[in-house]
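Notes follow the structure.
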Amino acid sequence: MGFCISCGQQHQNGIRFCRFCGSQQPGEQLLARLRQEAEHINFLRLQAQALAQQQQQQYQQQLQQQQFNQNQYNQQRRW
Ligand SMILES: [Zn+2]
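To convert, note that position 71 of the sequence shown is 73 in the numbering used here; the numbers rise steadily by one, no gaps.
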């Protein structure tokens with residue numbers, strides 16, 4: 003089953019025109035390409051998310067390191 007790209011009604015796979023609104027439907031080749039593109043976009047998005055998480059972690063590690071250095075500095079100054 004597929005969905006009309008124009009009106010969203012469900013219809014059988016492999017038809018060329020929607021029987022509800024008459025819109026031409028994408029062929030299998032186009033669908034395959036769109037699926038590939040969607041997967042690629044998904045992949046890029048996941049990569050970007052992972053990268054953002056990594057950067058966030060690095061930033062927090064840097065912050066912790068800075069706090070640690072600051073604490074040590076403060077401790078040294080007391081003596
Ligand atoms: Zn339609």
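All residues carry an ideal CB built from backbone N, CA and C; glycine is no exception.
- For Arg37, the enclosing alpha helix (DSSP H) covers residues Glu30 to Arg80.
- In the three-state reduction of the DSSP assignment, Phe5 falls in the strand class, which pools E and B.
- Taking the Cβ of Gly24 as the reference point, at least one heavy atom of ligand 1 falls within a distance shorter than 8 Å.
- Short note on Gly29: C-beta not closer than 8 Å to any heavy atom of ligand 1.
- Between Gln27 and His13, the gap from beta carbon to beta carbon is short of 9 Å.
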